[in-house]
Structures are given as C-alpha cells and as structure tokens.
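A.B. asks: Encoded as structure tokens, here's the structure I'll be asking about.
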Amino acid sequence: MATINKKIKDIINKNNVVLFMKGTAEMPQCGFSMTVSNILKKLNVKFIDIDVLADPEIRQGIKDFSNWPTIPQLYIKGEFIGGCDIAKEMYENGELKKKINFI
Amino acid sequence: MAISKKELFELLKSGFPDGEIKIDDLAGDNNHYAANIKSSKFKNKTKVQQHQMVYASLKGKMGNELHALALTTEEK
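Chains A and B are the protein sequences, given in the same order. For the first sequence, this note's numbering gives the first residue as 1, with consecutive numbering after it. For the second sequence, this note's numbering gives the first residue as 1001, with consecutive numbering after it.
Encoded structure:
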C-alpha cells in the first residue's frame, strides 16, 4: 500500500500530464478512457498514459490514492483533475486548455 | 453486476435529500446510467469534491455493481 502510493506519487510528480486509463492512448480498452485520451490529443498536449489493466496494483492503488472509484483519471501537474465527465466538461468550457497552457 | 434505476435513485436521494435528480438508463441494461444532480450540498465544492460526494452516496457500488455513471452536478 505504501509502496504503491509512492509509485503513483512519483509518476504524477515527474510528468506534467498523466492519464490513468484502461488500455493505451494508441489502443484504449474502454470508451471513457478513449474519450479523455482523445481530448488530450486534440489539445495537442504531451501526456503519459498508464494502462491500469496491465498492473492490478496500480488499478486499485489509483482508486484509493485519488479517492475516486473509476478509471480514467487525469492528473495535471500533480493535481487530480477528475474522470471522464469532468475532463469533458472542462474541455468544453475551455478550462482544460487554460490549465494546459500554464504547464 | 447491475443496479436498478429505482435503487440508484434512492441511493442518490438519501445522499442528497434536497436534490433534483434526473437519471437516464443509457443502454437499457441497468449498468450504464447518466445522472444529473442539482443540490445545495454542492455549494463551495470543487467538481472533484462534488463527484466524490455522489460516489460516497453510492456506498461503494460505483465501479462495482454499477459500471458506468456519466455524472453532471450543479449547485442549487
């Protein structure tokens, strides 16, 4: 538990934009994950995709870490942004672009 | 692994007694829903906090019995 939290912290602190998703940005395995991955692609931002299906420890660990029961989960600059609904809302109202411009 | 619309509504209503709650069964399979909740409890909360409050009202069902819930929350 402590190790996995540290692992997650390292990932989100070392990378500006991190998407914990089912599958990869190239091959998403879930529609919600695909939606967020496509949004990031449209915003032309470099991001790290972490496939939770490849690592059961991260899959459960990220849910506990964020206190968030579902995947995908988006982190920008170490801050938890939200899941698919929030990412979509923030993309549509321009807030996500603003956040990314600040990187 | 499914939850009825009625059960979902009751869980949300118990979490947000003043809530105006709209639920759509997206796929007709009791497993993919969209919910819109307007509640005064969302006042001064971030979106993440608002959604966390909704998930808390579902008492661990989100991501388990309930696979997908597209969520929009608004202050009342």
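Glycine included, each C-beta is placed from N, C-alpha and C at the ideal position.
1) Leaving aside the five residues before and after I58(A) along the sequence, list all residues of the same chain whose C-beta is less than 8 Å from its C-beta, in chain order.
2) Please name the residue in I39(A), P69(A) and K42(A) whose C-alpha comes closest to that of Q1052(B).
3) Distance check for A1034(B) and E1074(B), CA to CA, integer angstroms please.
4) Tell me the DSSP bridge mates of H1032(B)?
5) Would you give the residue range spanned by the alpha helix (DSSP H) that D10(A) belongs to?
6) Which of helix, strand or coil does DSSP assign to M34(A)?
7) Name the residues in the segment 21 to 42 of chain A whose C-beta lies less than 8 Å from a C-beta of chain B; which are they?
8) If you drop the 5 nearest sequence neighbours on each side, which residues of the same chain put their C-beta closer than 6 Å to that of Y91(A)?
9) Measure the Cβ-Cβ separation of Y75(A) and V36(A) and say whether it is below 9 Å.
10) For G82(A), which residues in chain B fall below 7 Å Cβ to Cβ?
11) Could you round the C-beta distance between I1023(B) and K1005(B) to whole angstroms and report it? I think they count as a contact, below 8 Å.
12) Under the assumption that K1076(B) contacts L1011(B) (Cβ atoms under 8 Å), give the Cβ distance between them as a whole number of angstroms.
13) Against chain B, with Cβ distances strictly below 9 Å, would I86(A) count as a contact?
14) L1026(B) versus chain A: which residues are under 9 Å apart at the beta carbon?
15) Between which two residues does the beta strand (DSSP E) carrying Q29(A) extend?
16) Would L1066(B) be called buried (16 or more neighbouring beta carbons within 10 Å of its own) or exposed?
C.D. replies: Judging by the given coordinates:
1) I4, K7, I8, F20, I50 and V52
2) P69(A)
3) 14 Å
4) A1068(B)
5) A2 to K14
6) helix
7) F32
8) I39
9) no
10) K1047, V1048 and H1051
11) 6 Å
12) Wrong, their Cβ atoms sit about 19 Å apart, outside the cutoff.
13) yes
14) The premise fails here: L1026(B) is roughly 11 Å from chain A at the closest Cβ pair, so nothing lies under 9 Å.
15) Element bounds for Q29(A): n/a, residue is neither H nor E.
16) buried
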